[in-house]
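Numbering follows the numbering used here, with no gaps: position 33 of the sequence shown is 106. Where a beta carbon is used, it is the ideal one built from N, C-alpha and C, also for glycine. Source: prediction; values computed, not measured.
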Amino acid sequence: VELALWDTAGQEDYDRLRPLSYPDTDVILMCFSIDSPDSLENIPEKWTPEVKHFCPNVPIILVGNKKDLRSDPGTIKELGKMKQEPVKPEEGRAMAEKINAFAYLECSAKSKEGVREVFETATRAALQ
Numbered sequence: 074v075e076l077a078l079w080d081t082a083g084q085e086d087y088d089r090l091r092p093l094s095y096p097d098t099d100v101i102l103m104c105f106s107i108d109s110p111d112s113l114e115n116i117p118e119k120w121t122p123e124v125k126h127f128c129p130n131v132p133i134i135l136v137g138n139k140k141d142l143r144s145d146p147g148t149i150k151e152l153g154k155m156k157q158e159p160v161k162p163e164e165g166r167a168m169a170e171k172i173n174a175f176a177y178l179e180c181s182a183k184s185k186e187g188v189r190e191v192f193e194t195a196t197r198a199a200l201q
């Protein structure tokens, strides 16, 4: 099994270029930051419609990144100033269900927790 990863830019400047990266895609890792509830809101509003348009029938794995920041006091304090809090696991699972994702996983690149599982699940989804 060979994994080739494409990290597509989320900025609006790349909206017209990003579709060029979609052909021959076997699995989508749709990511949001656990320390950014707004990034979770972008999943159904921006990313899911785009991905389902360009990659119909391609399995989507919803991934909550920065899991280590969920319990970080500084993160909690900063989000609190905006009347927000880190994304809860059940909110991620509910979103995965809403977009009909193959799986919902959380990971932390900093602590490495869950990273291996993300790639193992992506490989299984691509081979199904």
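Residue 151 and residue 111 have their C-alpha atoms some 14 angstroms from each other. A contact is defined here as three or more CB-CB pairs under 8 angstroms, and the region 156-166 fails this definition with respect to the region 84-94. Boundaries of the beta strand (DSSP E) around residue 105: 101-106. The distance from the Cβ of residue 102 to that of residue 136 is about 5 angstroms, consistent with a contact at the 8 angstroms cut-off.
At the C-beta level, residue 134 and residue 198 come within 9 angstroms of one another. DSSP places residue 116 outside any beta strand (DSSP E), giving it a letter other than H or E.
Looking at the DSSP output, residue 136 bridges to 104 and 178. Looking at the backbone, the Cα of residue 83 and that of residue 120 are separated by about 9 angstroms. Boundaries of the alpha helix (DSSP H) harbouring residue 191: 188-200, taken from the DSSP string.
Assignment of residue 124 by DSSP, reduced to helix, strand and coil, places it in the helix class. Assigned with DSSP and collapsed to three states, residue 169 falls in helix. Check the Cα spacing between residue 100 and each of 166, 141, 176 and 117: the tightest is with 176. If you look at residue 152, you'll find it in the alpha helix (DSSP H) that goes 146-154.
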